[in-house]
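Number of protein chains: 2
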Amino acid sequence: MNITTPTLLLDKEKALRNISRMVDKTKRSGVRLRPHFKTHQSVQVGEWFREQGVEAITVSSVHMARYFADHGWNDILVAFPANVLEMESINELASRIKLHLIAVNQETVVALAKGLQHPVQLSLKIDAGYHRTGIPASNYAEIDAMLALIQGQDKLQFAGFVVHNGHTYKQTYAAAIRNIHNTSVDQLQLLRERYKAQFPNLQLSVGDTPSCSILESFEGVDEIRPGNFVFYDITQQHIGSCAFEEIAVCMVCPVIAKHPDRGELILYGGSVHFSKDVLVQKDGNAVFGRVVELTDKGWSEPLEGFEVVSLSQEHGVVRVSAEQFDKYNIGDLMGVLPVHSCLTADAMRGYLTTEGEPIDHLSGVR
Amino acid sequence: MNITTPTLLLDKEKALRNISRMVDKTKRSGVRLRPHFKTHQSVQVGEWFREQGVEAITVSSVHMARYFADHGWNDILVAFPANVLEMESINELASRIKLHLIAVNQETVVALAKGLQHPVQLSLKIDAGYHRTGIPASNYAEIDAMLALIQGQDKLQFAGFVVHNGHTYKQTYAAAIRNIHNTSVDQLQLLRERYKAQFPNLQLSVGDTPSCSILESFEGVDEIRPGNFVFYDITQQHIGSCAFEEIAVCMVCPVIAKHPDRGELILYGGSVHFSKDVLVQKDGNAVFGRVVELTDKGWSEPLEGFEVVSLSQEHGVVRVSAEQFDKYNIGDLMGVLPVHSCLTADAMRGYLTTEGEPIDHLSGVR
Chain Y
308 MNITTPTLLL DKEKALRNIS RMVDKTKRSG VRLRPHFKTH QSVQVGEWFR
358 EQGVEAITVS SVHMARYFAD HGWNDILVAF PANVLEMESI NELASRIKLH
408 LIAVNQETVV ALAKGLQHPV QLSLKIDAGY HRTGIPASNY AEIDAMLALI
458 QGQDKLQFAG FVVHNGHTYK QTYAAAIRNI HNTSVDQLQL LRERYKAQFP
508 NLQLSVGDTP SCSILESFEG VDEIRPGNFV FYDITQQHIG SCAFEEIAVC
558 MVCPVIAKHP DRGELILYGG SVHFSKDVLV QKDGNAVFGR VVELTDKGWS
608 EPLEGFEVVS LSQEHGVVRV SAEQFDKYNI GDLMGVLPVH SCLTADAMRG
658 YLTTEGEPID HLSGVR
Chain W
308 MNITTPTLLL DKEKALRNIS RMVDKTKRSG VRLRPHFKTH QSVQVGEWFR
358 EQGVEAITVS SVHMARYFAD HGWNDILVAF PANVLEMESI NELASRIKLH
408 LIAVNQETVV ALAKGLQHPV QLSLKIDAGY HRTGIPASNY AEIDAMLALI
458 QGQDKLQFAG FVVHNGHTYK QTYAAAIRNI HNTSVDQLQL LRERYKAQFP
508 NLQLSVGDTP SCSILESFEG VDEIRPGNFV FYDITQQHIG SCAFEEIAVC
558 MVCPVIAKHP DRGELILYGG SVHFSKDVLV QKDGNAVFGR VVELTDKGWS
608 EPLEGFEVVS LSQEHGVVRV SAEQFDKYNI GDLMGVLPVH SCLTADAMRG
658 YLTTEGEPID HLSGVR
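So the sequence lines, in the order shown, correspond to chains Y and W.
The first sequence begins at 308 in my numbering and counts up by one.
The second sequence begins at 308 in my numbering and counts up by one.
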């Protein structure tokens, strides 16, 4: 491989194993896996899921839904409060696939009812404790009012309740993550009890990567929607969702300067490549990636004695112990496991597999 | 304008005024303006500079140099430690434009000397206190050694010393920024004294946006290379480089959900749109943007009572005072001034002028 500029390497074997582990787990649990494709945003990676039997997917924008619909996916949930300004694109999609939308407010339901020309599945987004967006799980008055609005509309088919427990990302103990998951399932069960007479087929859907990685079964829900697990990253390793060897993407960056006076290497690789998410480690240090050694077939576990301490637009600064400083020279390539693989992939706009095959990303094919 | 998804608005009149103010200042000071084009990365915005007499530019990658060389720019400094792995592209560029590179280490000079097929200008990057990259200004032994290596090579023409005082970004007092600038100019003057007999035409180049915005004259240097000033952003306003009304770019984001229970609005606009740079304000609060009111011809000053408190991949969360909460409804568009316009422009991959004209960005034309 002739890599000369920052490049996102993808280990296909690791990604396939991550996918099959989750597929197997959902089969054993009897729940539907509707993986979130916002992590990879790639038609080719999508095919790896399809080959393992996945038929229904999650995306985070209408634009992303259109991209995957154009490549043969026809059961797509846009897991983002419906953007009623995009009614034209929504109608176009709803005319050709089974499109699922979500709503948080009555205004959205009214606007959809007014603008839709084709039927869509509509779920209500429930806030089970993350507090980013969603109707508080105990706000029955609001849920009742929204369901009443939906029921009168022939273009809106109520599908169920959707939760995203993003607060699992703040945890590093499996028990805490299980508690968050179980608390949200309990809340969803109360909703099912309340509405099942009226909607006997209502579906309960959850799905953050930490819960879906740590739990072994998903009793009480019908569907899970994890996304990040296909690649993982050092944030997920920190949380406990994965081991380092399960991380399937690695940035490759040229070393462009060395500062022996302060033990720092400068990488060609900055916030326009990695994005700028940061991981505060258990020792309190903030890092922007973990350095690994590149090998013939991929990369090693993280190396001790290297810290990616800052990123500016195109530069990365790596602090290196005295013992390790001479390991890298100018013109060498350094491997860095990303803090947040979804954002790094979006910034990089494409992948190169460890076998040398270029792989598309939606943001590179606009 | 029919905006339905996150869009980066560009007020051309403000950008033209920002450019002409800097052009006038450099004319009065008798220094060369070599603006950094990494902020806008746009052929059209580049033309606005050219129309005001700018002929020499700065970029941050060989890829960016090629883009502008392909559009008629033929005096380009890549203000980034030369990436010797890109020798083929460097040679191709050096064959057709006046290409300037920079070096920090002897290894780089040796690799360039070995690989270059066409002459390039080479400057040494000096660290005058920022400590990201560069040779410490007082490390004469290293500078002597590098100049000795350069002198023997017919493809390397020593151009001078280049400094980037990125530590001005940590300041909010004009006097502190002037001190940083003056300290670096003093250090550069010592270098000029030391090497002027040998290199009578050596050039001294500085150029962060805070210094270049706050200072009125640039005695002692030959060239300035600010970039961000074409657009500015709320970080620059916080530093004191600009007023709010000089910020020339504004994100426009649909409101997609409302949470009256906790006074929050959810925007379609997250870290894949804004990037994830954050500004810690004087009150200690971290913000990811400042909300403005969109008007027929652009936008207002920032509104009181709104705080962009978090960004996830596609969501932005805006905390709103009780008095302002009803000002926005689902489906409305909200204006947000970015924290860091360079990264937002790179993430957005294109602009729309307030007159409705689409403008390219390199990252959208790959």
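Glycine included, C-beta positions come from ideal geometry on N, C-alpha and C.
Exposure of residue i, with buried meaning 16 or more beta-carbon neighbours within 10 Å
i: MET393/Y; result: Checking the sequence, you will find Glu at residue 393/Y rather than Met. Per the 10 Å Cβ criterion, buried.
i: SER619/Y; result: buried
i: GLY379/W; result: exposed
i: ALA555/Y; result: buried
i: THR415/W; result: buried
i: GLY360/W; result: exposed
i: ARG499/Y; result: buried
i: GLY353/W; result: buried
i: LYS589/W; result: exposed
i: GLU320/W; result: exposed
i: GLY467/W; result: buried
i: MET655/Y; result: buried
i: LYS503/W; result: exposed
i: VAL470/Y; result: buried
i: SER512/W; result: buried
i: ALA386/W; result: buried
i: GLN505/Y; result: exposed
i: ARG357/W; result: exposed
Collapsed DSSP secondary structure at residue i in the structure displayed
i: CYS649/W; result: helix
i: SER628/Y; result: coil
i: TRP380/Y; result: coil
i: PHE506/W; result: coil
i: PRO517/Y; result: helix
i: THR660/Y; result: strand
i: THR311/Y; result: coil
i: ALA389/W; result: coil
i: TYR575/Y; result: strand
i: ALA564/Y; result: strand
i: GLY547/Y; result: coil
i: ASP540/Y; result: coil
i: PHE525/W; result: coil
i: SER396/W; result: helix
i: GLY353/Y; result: helix
i: THR675/W; result: The requested residue 675/W is not part of the displayed model; chain W covers only 308 to 673.
i: SER327/W; result: helix
i: LYS321/W; result: helix
i: HIS347/W; result: coil
i: GLU621/W; result: coil
Beta bridge counterpart(s) of residue i as assigned by DSSP
i: GLU530/W; result: ARG339/W, SER512/W
i: GLU614/Y; result: ARG626/Y
i: MET558/Y; result: LEU315/Y, VAL643/Y
i: ASP633/Y; result: DSSP, once it has assigned bridges, lists no residue as partnering ASP633/Y.
i: VAL599/W; result: PRO609/W, GLY642/W
i: ALA593/Y; result: VAL587/Y
i: ASP667/Y; result: GLY657/Y
i: ILE364/W; result: ILE383/W
Other residues of its chain near residue i: CB distance less than 7 Å, five sequence neighbours each side excluded
i: LEU522/Y; result: ARG485, HIS488
i: GLN496/Y; result: GLY527
i: THR516/Y; result: PRO533, GLY534, ASN535, PHE536, GLN543, SER548
i: PHE551/W; result: GLN544, GLU608, PRO609
i: SER396/W; result: VAL369, ARG373
i: LYS604/Y; result: THR661
Close Cβ partners of residue i (< 6 Å) along its chain, the five nearest in sequence each way excluded
i: HIS622/W; result: ILE573, GLY577
i: ALA629/Y; result: none
i: CYS519/W; result: ILE531, PRO533
i: ALA593/Y; result: VAL585, VAL587
i: GLN631/W; result: GLY612
Any chain A beta carbon closer than 7 Å to residue i
i: ASN390/Y; result: In summary, chain A is missing from the structure at hand, where the protein chains are Y and W.
Sequence-distant residues of its chain with Cβ nearer than 8 Å to residue i (five each side left out)
i: VAL350/Y; result: TYR374, PHE375, HIS378, ASP667
i: GLY657/Y; result: LEU315, PRO665, ILE666, ASP667, HIS668, GLY671
Ranges of the beta strand (DSSP E) found wholly within the region 405–493 of chain W, counting only runs of at least 3
The region 405–493 of chain W contains these whole beta strand (DSSP E) runs: 405–410, 427–434, 463–470.
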